[in-house]
Amino acid sequence: MTSVVGAARALEMGEAERRGLQAARIRGAVIALLGVAGLWAARGAFNVAATFSFWLLEQGGAAWSITTTVGMLWLVAGSVAIVVGGLQAGVGARFPWRQSLFVLAPLYVAAILGALLDGKVANMTGVFAGSLELAVPITLGALAGILSERSGMLNIAIEGKFLVGACAGAIAASITDSAVAGVLVAVLCGMAVGYMLAWLGIRHQVDQIIAGVVINIGAIGITNFVFLRVLAKNTWLNTPPTIEKIKIPVLSGIPVVGPLLFSGTPYLYFTLAVVVFLSYMLFRTRWGLRLRASGEKPSAAATVGIDVIRIRYGAMLLAGALAGLAGSYLSLSSAGSFQMGMSAGRGFIALAAVIFGAWNPLGAFGAALMFGFSDAIQSLMSILGVDVPPQLLNSVPYIVTIVVVAGLVGRVRGPAAAGQPYTQG
Amino acid sequence: MTIWRRTILPALMPLLAVFTAFVVGSAFLFITDIENLKHFPGDPLGTILAGLANIGKAYSAMVIGAFGVPAKVAAAMSSSDPKVIAGAIRPITETLVASSPLIFTGLAVAISFRTGVFNIGVEGQFILGAMGATVAVLVFRDVPKPLLLILAMVIGTLSGALWGFIPGFLKARTGAHEVITTIMLNYVAAQLVLFGLRSEFLKPVGSTLPISKVLSTIVRVPLIFALPAIRLHYGFVMALVMAVLVSWFIFRSTKGFELRAAGFNLMAARYAGINAGGSIMLAMALSGGLAGLGGTLEVLGTVGQMSNDLSSGFGFNAIALALLAGNRPGGVVAAALLFGALRTGGGLMQVKTGIPLDLLFFVQALVIMFVAAPALIRSIYRMKVQNADGVAAQ
Numbered sequence: 487m488t489s490v491v492g493a494a495r496a497l498e499m500g501e502a503e504r505r506g507l508q509a510a511r512i513r514g515a516v517i518a519l520l521g522v523a524g525l526w527a528a529r530g531a532f533n534v535a536a537t538f539s540f541w542l543l544e545q546g547g548a549a550w551s552i553t554t555t556v557g558m559l560w561l562v563a564g565s566v567a568i569v570v571g572g573l574q575a576g577v578g579a580r581f582p583w584r585q586s587l588f589v590l591a592p593l594y595v596a597a598i599l600g601a602l603l604d605g606k607v608a609n610m611t612g613v614f615a616g617s618l619e620l621a622v623p624i625t626l627g628a629l630a631g632i633l634s635e636r637s638g639m640l641n642i643a644i645e646g647k648f649l650v651g652a653c654a655g656a657i658a659a660s661i662t663d664s665a666v667a668g669v670l671v672a673v674l675c676g677m678a679v680g681y682m683l684a685w686l687g688i689r690h691q692v693d694q695i696i697a698g699v700v701i702n703i704g705a706i707g708i709t710n711f712v713f714l715r716v717l718a719k720n721t722w723l724n725t726p727p728t729i730e731k732i733k734i735p736v737l738s739g740i741p742v743v744g745p746l747l748f749s750g751t752p753y754l755y756f757t758l759a760v761v762v763f764l765s766y767m768l769f770r771t772r773w774g775l776r777l778r779a780s781g782e783k784p785s786a787a788a789t790v791g792i793d794v795i796r797i798r799y800g801a802m803l804l805a806g807a808l809a810g811l812a813g814s815y816l817s818l819s820s821a822g823s824f825q826m827g828m829s830a831g832r833g834f835i836a837l838a839a840v841i842f843g844a845w846n847p848l849g850a851f852g853a854a855l856m857f858g859f860s861d862a863i864q865s866l867m868s869i870l871g872v873d874v875p876p877q878l879l880n881s882v883p884y885i886v887t888i889v890v891v892a893g894l895v896g897r898v899r900g901p902a903a904a905g906q907p908y909t910q911g
Numbered sequence: 002m003t004i005w006r007r008t009i010l011p012a013l014m015p016l017l018a019v020f021t022a023f024v025v026g027s028a029f030l031f032i033t034d035i036e037n038l039k040h041f042p043g044d045p046l047g048t049i050l051a052g053l054a055n056i057g058k059a060y061s062a063m064v065i066g067a068f069g070v071p072a073k074v075a076a077a078m079s080s081s082d083p084k085v086i087a088g089a090i091r092p093i094t095e096t097l098v099a100s101s102p103l104i105f106t107g108l109a110v111a112i113s114f115r116t117g118v119f120n121i122g123v124e125g126q127f128i129l130g131a132m133g134a135t136v137a138v139l140v141f142r143d144v145p146k147p148l149l150l151i152l153a154m155v156i157g158t159l160s161g162a163l164w165g166f167i168p169g170f171l172k173a174r175t176g177a178h179e180v181i182t183t184i185m186l187n188y189v190a191a192q193l194v195l196f197g198l199r200s201e202f203l204k205p206v207g208s209t210l211p212i213s214k215v216l217s218t219i220v221r222v223p224l225i226f227a228l229p230a231i232r233l234h235y236g237f238v239m240a241l242v243m244a245v246l247v248s249w250f251i252f253r254s255t256k257g258f259e260l261r262a263a264g265f266n267l268m269a270a271r272y273a274g275i276n277a278g279g280s281i282m283l284a285m286a287l288s289g290g291l292a293g294l295g296g297t298l299e300v301l302g303t304v305g306q307m308s309n310d311l312s313s314g315f316g317f318n319a320i321a322l323a324l325l326a327g328n329r330p331g332g333v334v335a336a337a338l339l340f341g342a343l344r345t346g347g348g349l350m351q352v353k354t355g356i357p358l359d360l361l362f363f364v365q366a367l368v369i370m371f372v373a374a375p376a377l378i379r380s381i382y383r384m385k386v387q388n389a390d391g392v393a394a395q
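Right, dumping it as C-alpha cells:
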C-alpha cells in the first residue's frame, strides 16, 4: 500500500518538475528573444552617441560623464539577455531568474533611454535626485500602508490622508507662520483620519474597503470645499512658509552622492531614517512580531495574550501620522501651497508600492524609487523636447502593480488577515 | 404593522442617514462662512441667525435647482408656449439627465457587491465604455444612423465589460485582490483615454485639448421631448429598463441566484457545486458592461463629445449610491434620483450662493458612513434594536 502511495507521489513530483522545467524553458526563450530584439536594435545604432552625465557637486557645476553609443548599450543588454535566457532554459527551475531581472532591467532601461534621447545628453544626477524627491511622499504613504496592513487593516485611504494632511498643514503653517507647526498639524490630522478609519473598521465593523472609500471621497470633498470656499478668497491662509533643502555639512561634499543624498529636504532624511527604523522595528522587535501576528492570525495572537485591537489602533495612528506627514510634504515642500486634488493619485501609487515591495519597508522604498524614476524620466524627456506620450510612462506603476498582484512575475503574498474584521472573543 | 416592517423601516435608516449627513454638512457650511463669522465677537446672536439664514438660502436654491420653481410649473400647466414649458420642466429633466449615468454605475456596483466582489473600477469601465463607443462612431460613421447607434452601444458595453472582466479573471484565476486591480485599472483607463484623445483620428483638427471630434452631429441618442434646451434622452428610459432587468436577473434567475450565493458564502457556494470563479468573472463583466453602457449613453446622449473628464465621479458616487440602496436595483434608482437632484440642485446653489458643489461629496461620504455603521445612527436617535432581523442593515 505504502509503495503505491509512494509511486503516486513520485509520479506527481515528476509531473511538477516537468512543468517547472517547461515553464523555465518558455521563460528562457522569451528572455533570449528579448535579447535578439536588443541585438537587432543595435544594428545601425552605433553612430548615435549616448551620453549620461553626472554632476559632481551641484547642478550646473563640474560634471563627469560616460559616453558610449546607443548600439553599444543595445549590444550589451541583448547579449546579457541571451546569456540569461540560455542559462534559464538550460539550468531549469533552479536558475535564480528573478534576481537576474535586477541586472537585465537596468540594462534595458539604459538602452531604451539612450534610444529615446537620440544623441542628447542626459543629466542623470538630476534624474536620480528627482526620483528621490518624488519617492519621498510615495515611500511615506507606502510605509503607512505597510503598518496598517501588517496589523490586519486594509488601508486604501492613504490618498485621503495625503489630501487632509496637505490642506491642514498649509493652513496651520500660514496662520502660525511656522512650517514646523504646519507639519505637526498635518501629522495630527493624519492621525485623526487614521483613528477614524480604525474606529469605523474595528468599533463599528464597517468593511475596511468601504471605510477607505468613505474617507477618500470625504477627504476630496472637504479639502476641495475648504479650498474653494475659504482659501481661494483668503489667500493669506494658503501662503505657508516652506521647508527648504538643507545641505548636510561634510557629507554633501562627496561627489555625485552628496548632491543626491545629502542636499535634500529634511523630509528626505527623515524618510530614509524611517525606512531603516521600521524595517528593524517590524522584523526584529517584539512589537513588530506582535503587529505581524495581529495581521496574520489575530485569533492565535489573542490566545497568547496579544491585545489585537490595541495593536491595530496603534498601527493605524502611526500610519495616519506618516501619511499626514507625506501630505505636508506636498503642500509645504514641493508645491509651496495647497491645491485642489494635489495628491493626484500618489496615495494609490503608494498602495502599489506596498504590494510591489511585498509589504516590506525596504522593498516599498525601492518600488517608490522606481515609480519616482519613471516620473523623473518623463520630466527629463519633456525638458529635452523628446516626444514620448507621457500617458505610457504614467501607466507604468499601475500596470506593474497589476502584474505583480496577479502573480505573473513573482507572486507576493500580503498579510493573511488584512481586511477581515476581528472581534475579541 | 407589516407595512411598517417591510417598507418604512428599511427606508428609515437611509433617510435618517441622509438627513444626518446634511445636518453635519450644514455645520461645516456655518464654520466656513468666514465673512459672516467675522461679526461673531460683536454680535453673536445675529451672526448665528445670519449663518442659519445663509444655510437656508443655500438649501432652498438646491431644491429649486433640482425640481424647478412651483409658480413656473403652475404657469406652464396652462400654457402652450414650448419655451415656457421647457423653462418650467428643465430643472427636473436635468435631474433625470444627471441620474441616468448614476443608475447605470449604481447597478454596476450593486451587481458586483451582491457577488461579493468590490468593483471599485466602475469609473474606469464607464469612461472606457464611452471611449469604445466614440471610436465605434468615428470608425463606422457611414453606417445608417439607427444601426450605428446600436453598434456603438454594443461596442461601448463590450469595452466596459472587458475592463471589468480583466480584474474578475485575475481574481478568479490568480486570486489578485479586485480592489487593488480595479483601482489601478481606473488609472490605466484614464491614461488610455488621454492617450487615445491625442490621436489625429479622434481629436478635432488642430485641437490640443483632450477632447474628441463632435459626435452629436454624426449620431445621438434620441430626445424624449422636442422642447428647446431639454436634454432628457432615451438613455434615462434605458436606465430604468436596465434596473428592472438587473432586478429580475439577480432575484429571479438561476445565474443570479448563483451570483448571490457566491457573494453570500463563497465556500458554501463552491460546495453546492456553483462555479465560484465563473460567477466572479460573470459578475465583473456584467458590472463593467453596465458601466460601459452608461458611459456610452452619456457620451452619445447627454454630452455628444468624448473628453477626459466625461465622468464627473459617476463611478465613485456609485459606490455610495449602491450602499445607500442596500444593493437593490429599486433602491439604486431611488438613490440615483436623489444624487441626481443633489448634483443639479448643487449646481444652482453654487451659482447663486457661491457654495462649492464639493460640499456634496463630503455629505455623500457621511451618508455612506452612516449607512455602513448603522450603530452610529441608532445611538444618535436613541433607536432600540428591535429584534434580530428588525433594523439589520442591507
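Those sequence lines, one after another, are chains A and B.
Taking this note's numbering, the leading residue of the first sequence gets 487, the next gets one more, and so forth.
Taking this note's numbering, the leading residue of the second sequence gets 2, the next gets one more, and so forth.
Just so it is clear, CB atoms sit at the ideal spot from N, CA and C, and this is done for glycine as well.
Contact annotation: the segment 125 to 137 of chain B touches the segment 154 to 161 of chain B, with at least three C-beta pairs closer than 8 Å. Judged by their CB atoms, B/Ile212 and B/Leu198 are nearer to each other than the 8 Å cut-off.
In this structure B/Ala137 is in contact with B/Leu152, their Cβ atoms being roughly 6 Å apart against a cut-off of 8 Å. Annotation: A/Glu503 to A/Arg580 spans about 11 Å, alpha carbon to alpha carbon.
What A/Val692 touches in chain B, judged by beta-carbon distance under 7 Å, is Ala373 and Ala374, going in chain order.
For the segment 167 to 180 of chain B, residues whose beta-carbon sits nearer than 7 Å to a beta-carbon of chain A comprise Leu171, Thr175, Ala177, His178 and Val180. A/Gln864 is outside the set of residues whose beta carbon lies under 8 Å from a beta carbon in chain B.
Of the residues assessed, B/Ile86 falls on the buried side of the cut-off, its CB having 16 or more other CB atoms within 10 angstroms. Counting only runs of at least 4 residues, the segment 649 to 711 of chain A fully encloses the following alpha helix (DSSP H) elements, listed from N- to C-terminal order: 665 to 684.
Across the segment 181 to 204 of chain B, CB contacts with chain A closer than 8 Å involve Ile181, Thr182, Ile184, Met185, Leu186, Tyr188, Val189, Gln192, Leu193, Leu195, Phe196 and Arg199, in sequence order along the chain. Bounds of any alpha helix (DSSP H) do not take in B/Val215; it lies within the beta strand (DSSP E) bounded by Ile212 to Val215.
The DSSP-derived three-state label of B/Gln126 is helix.
In chain order, Gly557 place their CB closer than 8 Å to the CB of A/Gly530, counting only its own chain and leaving out the 5 sequence neighbours on each side. Counting only runs of 3 or more residues that sit fully inside the segment 306 to 379 of chain B, the beta strand (DSSP E) segments are 306 to 308, in chain order.
Around the beta carbon of B/Pro375, 16 or more other beta carbons sit within 10 angstroms, so the residue counts as buried.
In the structure shown, B/Val222 falls within a coil segment according to DSSP collapsed to helix, strand and coil. In this structure, the straight-line span from the alpha carbon of A/Ala902 to that of A/Gly638 is close to 8 Å. B/Ala273 counts as exposed, since fewer than 16 other C-beta atoms from the protein chains shown sit within 10 angstroms of its C-beta. The DSSP-derived three-state label of A/Trp541 is strand. Between A/Ile632 and chain B, the shortest Cβ-Cβ separation is not below 8 Å.
Following the DSSP letters along the chain, one finds A/Ile552 inside the beta strand (DSSP E) bounded by residues Ala549 to Thr555. Counting other Cβ atoms within 10 Å of its Cβ, A/Gln585 stays below 16 and is therefore classed as exposed. Listed along chain B, the residues sitting closer than 9 Å to A/Leu837 by beta-carbon distance are Ile181, Ile184 and Met185. Every alpha helix (DSSP H) stretch that sits fully inside the segment 111 to 168 of chain B and reaches 4 residues is listed by chain position as 123 to 140. Residue environment: A/Asp604 is assigned as exposed (fewer than 16 neighbouring CB atoms within 10 Å of its CB, all protein chains considered).
Within chain A, the residues whose beta carbon sits less than 7 Å from that of B/Phe119 are Ile695, listed in sequence order. Along the segment 792 to 816 of chain A, there is no position whose C-beta sits under 9 Å from a C-beta of chain B.
Within its own chain, the residues whose Cβ lies closer than 7 Å to the Cβ of A/Val874, once the five positions on either side in sequence are excluded, are Leu602 and Met867, listed in chain order. Not a single C-beta of chain B is nearer than 8 Å to the C-beta of A/Leu561.
Secondary structure at A/Val607: strand, using DSSP grouped into helix, strand and coil. Chain-order list of chain B residues neighbouring A/Ser881: Tyr188, Val189, Gln192 and Leu193, by C-beta distance under 8 Å.
Counted as a single uninterrupted DSSP element, the stretch harbouring B/Ser80 is not any alpha helix (DSSP H), since DSSP gives it neither H nor E. Chain-ordered listing is empty here: chain B has no CB closer than 9 Å to the CB of A/Ala684, the nearest sitting near 13 Å. As a beta-bridge residue in DSSP terms, A/Ala535 pairs with A/Thr555. Each residue's CA atom was taken as its position, placing B/Glu36 and A/Gly651 some 25 Å apart. For B/His234, the number of other beta carbons within 10 angstroms of its own is at least 16, and it is reported as buried.
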